[in-house]
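Below is one structure; the comments refer to it alone.
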Amino acid sequence: MPDINPNTAPALATPAEPHKGSPSLQRQRQRAAFWFLAPMLIALFCVAAWPLMRTIYFSLTDATLSNLYDAKFIGFQNYLQVRELSSGRTIYRGTLVDPDWWNAVWNTVRFSVVSVAFETVFGLIVALVLNAEFKGRGFVRAAILIPWAIPTIVSAKMWGWMLNDQFGILNDILLNLGLISQRIAWTASTETAMKAVLIVDIWKTTPFMALLILAGLQMVPRDMYEAAKIDGIHPVKVFFKVTLPLIRPALMVAVIFRMLDALRIFDLVYVLTPNSSATKTMSVISRENMIDFDKFAYGAAQSTLLFGIIAVFVAAYIWIGKVDLSGEKSR
Amino acid sequence: MAKIELNNVTKSYGAVDVIKGIDLTIEKGEFMVFVGPSGCGKSTLLRLISGLEEITTGDMMFDGQRVNNVVPSERGIAMVFQSYALYPHMKVYDNMAFGMKLAKSDKGEIDRRVRNAAKMLQIDHLLDRLPRQLSGGQRQRVAIGRAIVRDPRVFLFDEPLSNLDAALRVQTRLEIAKLHHDMNDVTMIYVTHDQVEAMTLADRIAVLRDGKLMQVGTPAELYDNPNSIFVAGFIGSPKMNFITGEKAQAEGATTLGIRAEHIDLDEGGPWQGEVVHAEDLGSDHYLFVDIGTDEPVIVRRSGKLNVPLGTRVGLRPRPQDLHRFGPDEKPIRR
């Protein structure tokens, strides 16, 4: 039987249809699939697509918190506004020339790259340990997830106290060990604020990373290791030449997840180091503009840029890593 | 190239004894097949020989040298896994060369060995492909090729054909037999649950059951002179007919065994019954005759099926081919 292209099939006299008028099996299946997908599509539209479109729309207006619905359309002025003064001087205004915004972008990117890099390496190590067989493995696996299970606000407060310059335990330990000579204001000092945020985030998210990587590790057949054992290959080489290439897809997906998360970090920074320009991220600054400074449209423009930056990051990463998200290539 | 001796080898996982004391000598260049039902310990025994598992008690000798604590890579073995265990991210060439490359062997030597093995297995045109681009049979050959490249003293096969379809299985079986012929000084140990593979490939077969060796011998020995009901029933297809009760007692046995091809149709034969089922294989056919025993007796006859169902027939077993077993399931010697 010739292949029937579903797009052209209805135009032909279709031999596949036993009764005239009743749709082909393929059509029926497509229709059923659509109905099953519909609730999710509607939900996604309401909670993702619609807010995103509204944000983009607001970013093109002069909306304020008190005047959301009578806002005027002002084009791209929130992004960049060029005004020529009568004196002949040109003035640039808008987010794209706002040093605070670029500081936030830099903070966010720095935070994301460093935290994800550390979390990947630590997560990989933890996953390798958990993949080995030892007594009480189940308990350790559950226990290691605790940092991730604690709500961010709680762990941020908890770490805030531990990092406190007056009575924090961390300063106490470091002082007693003689590693520092005077107490450090971890969260308040501009030099250490980012480090504090990174420490807490890495502590919190490494378990999640480990779990994702562990799932990948468990997909590697045991035979593969045995074949390498018979070949007499050193375990370190087995890791780099066999294990790592085989878990690469899982690793890439884990890194994408974490990157998406890290690029929009808000709660940890907001609670641990409020109002510190050293840690202010894109999410924090856009909320600040929208709510605290009543520059709703300006904040919306920053949110839109944040969305764009994340999209570019992920697209680039997928393209560079040629990640096979559909899973078609790997068996 | 190696003579392998197992002296009272056992293997336990915790309280579970998997291998319960095995004594076995495998000669240089011999093709030995371990056969037995699932869970009999045949794969474990192979893994003990490979060194992937440690033996619990007993001794294992390769050419007179004790290898109990020698790691797999230093035993001079190569193994073909049931799942092939090819590295999916490496091309065929790299799969075959991987071990030698990391052992920092001479590049020219690696290349020569890989190409030799590839030519031998007729996979030289596949060297640039990835395993996922190959068919099951081709992957199997790459796995064998990888083993050949190691130039082993002992070749281990762990159910290598069980993932192939029937036609390919027969073909690959032939190729393994040819491989053994071409590399006739390499000892080969082959695990299977398929007694046809065992019969066709082996110089000698070791039949295992519940972690114990039941019988070791050439295929003909096992077929003609099984030393227990278990071996008699396990070797041969269709399965040997077993008859208990009066008809067995008439021959002075608890259980009487007779192979399907050793029964003739004879109106005056001692066993009378009705044909209840028949299978026509083209070249020969099987008659299932109900003679009042628990299971119908299978009779194998050559040529096309020419006896209609429901026919009453007489059966005469050939007396010299009767196997008589006592109450201990062991044969009664005449």
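As given, the protein sequences belong to chains A and B, one line each in that order.
If you count the first sequence from 1, position 325 lands on 325 in the working numbering, and the numbers rise without skipping.
Position in the second sequence counted from 1, then plus 1000, gives you the working numbering.
A virtual CB, placed ideally from N, CA and C, is assigned to each residue, including glycine.
Reduced DSSP secondary structure (H/G/I, E/B, other) of residue i
i	result
E226 (chain A)	helix
Q1082 (chain B)	coil
H234 (chain A)	coil
G1058 (chain B)	strand
S115 (chain A)	helix
A316 (chain A)	helix
V1092 (chain B)	helix
F266 (chain A)	coil
R1312 (chain B)	strand
I1026 (chain B)	strand
A311 (chain A)	helix
I1332 (chain B)	coil
Q1122 (chain B)	coil
R1318 (chain B)	coil
L251 (chain A)	helix
V1276 (chain B)	strand
D292 (chain A)	helix
A11 (chain A)	Interpretation of A11 (chain A) is limited by its pLDDT of 45, a score under 50 that renders its predicted location unreliable; the figure taken from the coordinates is listed afterwards. A11 (chain A) falls in the helix class under three-state DSSP.
D1290 (chain B)	strand
A16 (chain A)	With a pLDDT of only 47 at A16 (chain A), under the threshold of 50, the placement of this residue in the model should not be trusted; the figure read from the coordinates follows. Looking at A16 (chain A) - three-state DSSP - the assignment turns out to be coil, as it is neither helix nor strand.
E84 (chain A)	strand
R1075 (chain B)	coil
E1251 (chain B)	coil
I1243 (chain B)	strand
D372 (chain A)	Residue numbering for chain A in the displayed model covers 1 to 331; residue 372 (chain A) lies beyond these limits and cannot be assessed.
I1019 (chain B)	strand
T281 (chain A)	coil
S1038 (chain B)	coil
K1101 (chain B)	helix
S1012 (chain B)	strand
Within chain B, the residues that residue i reaches when beta carbons sit closer than 7 Å
i	result
V242 (chain A)	Y1087
D267 (chain A)	What D267 (chain A) touches in chain B: nothing, since even the nearest Cβ is about 39 Å away.
K322 (chain A)	Those do not exist, as K322 (chain A) stays about 13 Å from chain B at its closest Cβ, beyond 7 Å.
Contact set between residue i and chain A, taken where Cβ atoms lie within less than 7 Å
i	result
M1199 (chain B)	Correct list: empty, because the minimum Cβ distance to chain A is about 27 Å.
F1098 (chain B)	D231
S1038 (chain B)	Correct list: empty, because the minimum Cβ distance to chain A is about 19 Å.
S1012 (chain B)	Chain A residues near S1012 (chain B): none, gap ~17 Å exceeds 7 Å.
L1052 (chain B)	E226 and K229
9 Å Cβ cut-off: residues of chain C touching residue i
i	result
M1060 (chain B)	Protein chains A and B are contained in the structure displayed, whereas chain C is not.
Integer-rounded CB distance, given that residue j should sit under 8 Å from residue i
i	j	result
L1305 (chain B)	H1285 (chain B)	4 Å
A1117 (chain B)	G1145 (chain B)	4 Å
I256 (chain A)	F118 (chain A)	At roughly 17 Å, the Cβ-Cβ gap does not stay under 8 Å, so I256 (chain A) and F118 (chain A) are not in contact.
I213 (chain A)	L124 (chain A)	6 Å
F58 (chain A)	A297 (chain A)	5 Å
S283 (chain A)	L306 (chain A)	7 Å
V1033 (chain B)	T1192 (chain B)	6 Å
F1155 (chain B)	A1143 (chain B)	Actually they are not in contact, since the Cβ atoms of F1155 (chain B) and A1143 (chain B) sit about 12 Å apart, beyond 8 Å.
R1153 (chain B)	A1002 (chain B)	4 Å
G1041 (chain B)	V1071 (chain B)	Incorrect: roughly 22 Å between the Cβ atoms, too far for contact.
F1098 (chain B)	D231 (chain A)	6 Å
L302 (chain A)	I285 (chain A)	Correcting the residue type first, residue 302 (chain A) is Gln in the shown sequence and not Leu. That pair is a contact at about 6 Å.
T55 (chain A)	D294 (chain A)	17 Å between Cβ atoms; not a contact.
Proximal residues of chain A, C-beta to C-beta of residue i below 8 Å
i	result
F1081 (chain B)	D223, E226 and A227
A1078 (chain B)	I230
P962 (chain B)	Since the first residue shown for chain B is 1001 and the last is 1334, residue 962 (chain B) is missing from the structure and cannot be characterised.
Partners in chain B for residue i, counting only beta-carbon separations shorter than 9 Å
i	result
L246 (chain A)	Y1087, P1088 and H1089
Neighbour list for residue i in chain B, Cβ cutoff strictly below 8 Å
i	result
K237 (chain A)	L1102
Distance cut-off 6 Å: residue i Cβ against heavy atoms of the ligand SAH
i	result
A132 (chain A)	In the structure on display, the ligand SAH does not appear, and there are no ligands present to speak of.
Interface residues of chain A facing residue i [CB-CB closer than 9 Å]
i	result
P1160 (chain B)	Within 9 Å Cβ-Cβ: nothing; P1160 (chain B) doesn't reach chain A, min ~12 Å.
Original post:
With contact counted as at least three CB pairs below 8 Å, one residue from each stretch, are the stretch 193-209 of chain A and the stretch 269-278 of chain A in contact?
Top reply: yes
**OP:** Please specify which runs of the beta strand (DSSP E), each continuous and at least 3 residues long, are wholly inside the stretch 1145-1230 of chain B, giving them in chain order.
**Re:** 1154-1158, 1187-1192, 1204-1209 and 1212-1217
**OP:** Evaluate the contact criterion for the stretch 315-322 of chain A versus the stretch 76-96 of chain A: three or more CB pairs, one atom per stretch, below 8 Å.
**Re:** no
Original post:
Which whole runs of the beta strand (DSSP E) in the stretch 144-227 of chain A are 3 residues long or more, in chain order?
Top reply: none
Subject >> Segment contact, 8 Å Cβ cut-off, at least three pairs: the stretch 127-146 of chain A with the stretch 214-227 of chain A >> reply: yes
**OP:** Tell me the start and end of each unbroken alpha helix (DSSP H) in the stretch 87-142 of chain A that is at least 4 residues and wholly inside, in chain order.
**Re:** 99-131
Subject >> In chain order, each beta strand (DSSP E) run of at least 3 residues that lies wholly inside the stretch 51-81 of chain A >> reply: none
Original post:
If we count Cβ pairs, one from each stretch, closer than 8 Å, do we get three or more for the stretch 1290-1298 of chain B versus the stretch 1327-1334 of chain B?
Top reply: no
Original post:
Counting Cβ pairs closer than 8 Å, one from the stretch 1163-1176 of chain B and one from the stretch 1008-1016 of chain B, do we hit at least three?
Top reply: no
Original post:
Counting Cβ pairs, one atom from each stretch, are 3 or more of them under 8 Å apart for the stretch 1082-1095 of chain B and the stretch 1120-1140 of chain B?
Top reply: yes
Original post:
Does the stretch 1187-1197 of chain B touch the stretch 1028-1042 of chain B, meaning 3 or more C-beta pairs lie closer than 8 Å?
Top reply: yes
Original post:
Can you find at least 3 beta carbon pairs, one from the stretch 177-192 of chain A and one from the stretch 91-100 of chain A, that sit closer than 8 Å?
Top reply: no
Original post:
Should the stretch 143-155 of chain A be called in touch with the stretch 205-212 of chain A, which here means at least 3 C-beta pairs below 8 Å?
Top reply: yes
Subject >> Validate contact between the stretch 221-229 of chain A and the stretch 154-170 of chain A using beta carbons, cut 8 Å, 3 pairs >> reply: no
Original post:
At a cut of 8 Å, does the stretch 1235-1248 of chain B reach the stretch 1277-1293 of chain B through at least three beta carbon pairs?
Top reply: yes
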